[in-house]
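**Q**
2 protein chains.
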Amino acid sequence: MDFDPATLRYDAGGLIPAVAQDHATGEVLMVAWMNAEAVARTLATGEVTYFSRSRGELWVKGRTSGHRQRLVEFRLDCDRDSLLVVLAQTGPACHTGARSCFFTAVRAGAEVAAPEPATPEPAAPRPAGARRGQARPARAGSKG
Amino acid sequence: MDFDPATLRYDAGGLIPAVAQDHATGEVLMVAWMNAEAVARTLATGEVTYFSRSRGELWVKGRTSGHRQRLVEFRLDCDRDSLLVVLAQTGPACHTGARSCFFTAVRAGAEVAAPEPATPEPAAPRPAGARRGQARPARAGSKG
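Chains as they are written, first to last, in my numbering: chain A, 1 to 144; chain B, 145 to 288.
1) Kindly give me the distance between the Cβ atoms of residue 164(B) and residue 192(B), rounded to whole angstroms, as I take these residues to be in contact under 8 Å.
2) For residue 44(A), which three-state DSSP category applies?
3) I need the DSSP call for residue 5(A), collapsed to helix, strand or coil.
4) Going by other Cβ atoms of all chains shown within 10 Å of its Cβ, with 16 needed for buried, is residue 115(A) buried or exposed?
5) Should residue 167(B) be labelled buried (16 or more other beta-carbon atoms within 10 Å of its own) or exposed?
6) Assuming contact is defined by CB atoms lying nearer than 8 Å, are residue 174(B) and residue 237(B) in contact in what I supplied?
7) For residue 62(A), collect the residues of the same chain with a Cβ closer than 7 Å to its Cβ; drop the 5 residues on either side in sequence, then sort them by chain order.
8) When burial is assigned at 16 or more other CB atoms within 10 Å of the CB, is residue 108(A) buried or exposed?
9) Do you know how far the Cα of residue 152(B) is from the Cα of residue 209(B)?
10) Among all the DSSP beta bridges, which residues are the ones paired with residue 51(A)?
11) Just curious, the beta strand (DSSP E) that residue 236(B) is in, first and last residue?
12) Would you please state the rounded distance, in angstroms, between the beta carbons of residue 162(B) and residue 229(B)? I believe it to be under 8 Å.
13) Taking DSSP as the reference, what is the three-state secondary structure of residue 73(A)?
14) Check the Cβ-Cβ distances between residue 43(A) and every residue of chain B, and say whether any is below 8 Å.
15) My understanding is that residue 41(A) touches residue 58(A), with C-beta atoms under 8 Å, so please give their C-beta distance in whole angstroms.
16) Using a Cβ-Cβ distance cut-off of 8 Å, determine whether residue 51(A) contacts chain B.
17) Would you call residue 221(B) buried or exposed, if buried means 16 or more other Cβ atoms sit within 10 Å of its Cβ?
18) Assuming contact is defined by CB atoms lying nearer than 8 Å, are residue 32(A) and residue 50(A) in contact in what I supplied?
19) Buried or exposed: residue 219(B), going by 16 or more other Cβ atoms within 10 Å of its Cβ?
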């Protein structure tokens, strides 16, 4: 059936959370918000577009920083109130320069810097001792 | 530094979005909400606990369905207003029985059922023709 952005369930401010995920690695890069127009523009242009709550305006990710997000797959959840935007990220996703905004972990009750991805990265180079060729069959069976 | 759930940035309703991600595959399973107590209980018990907006109460995921979520890694984002909960999922995460709540994709302007994960699954069984042993080195270098 045809998709209509108006059929999503937005909050009182007209926004819906969007999880940005790297299409190749599965890494969760950031969580931002979209309104119906941002959803429509993301689908129409393939350039992931959010609504900036701080600036109160549409925000084409990377338009100023160059760190753009090219849409690979747009998904909605079972109750239509959350989005999963699978994308190809140019440069870091985080305004701090980190690849992902989720670089802080809570371990043993303390906040620790955790720059490594929280999830497997099939596309990442294998650590010393593992042959690089071993990573390829694993990716061959993936959606990456 | 010690982590205090009160230092997260909650919305006007005292809630913060939490992205649930499978620790082994990187698949985004669901997005739900936590309040400060849900954050504290998730960290204290290792059982991922949300705040149900529909029921207006704490929700230990899987307590009734058995489809529990064991905490593997708890992360917060750069501006402390979103959470990434990396976990081990027992059974399906979605109340529909689907593994992930994000089983609907928008492709060419239409909603389509997309039961396959939107992202790579390094831990998933390899397709025919790939030897199972090839998946192991890929996982050995991951956080999964």
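Each residue gets a CB set at the ideal place from its N, CA and C atoms; glycine is no exception.
On a predicted model such as this, the values are computed, not experimentally measured, just so you know.
**A** Put simply:
1) 7 Å
2) Three-state result, residue 44(A): helix.
3) Reduced to three states, the DSSP call for residue 5(A) is helix.
4) With fewer than 16 other CB atoms across the displayed protein chains lying within 10 angstroms of its CB, residue 115(A) is exposed.
5) buried
6) yes
7) 68, 69 and 90
8) exposed
9) 29 Å
10) 58(A)
11) Careful: residue 236(B) lies outside any beta strand (DSSP E) and carries neither H nor E.
12) 5 Å
13) Note: residue 73(A) maps to strand in three-state DSSP.
14) yes
15) Taking the Cβ atoms as the reference, residue 41(A) lies roughly 7 Å from residue 58(A), within the contact range of under 8 Å.
16) With 8 Å as the cut-off, residue 51(A) does not count as an interface residue toward chain B.
17) Counting Cβ neighbours within 10 Å, residue 221(B) comes out buried, since at least 16 surround it.
18) yes
19) Around the C-beta of residue 219(B), 16 or more other C-beta atoms lie within 10 Å, and the residue is accordingly described as buried.
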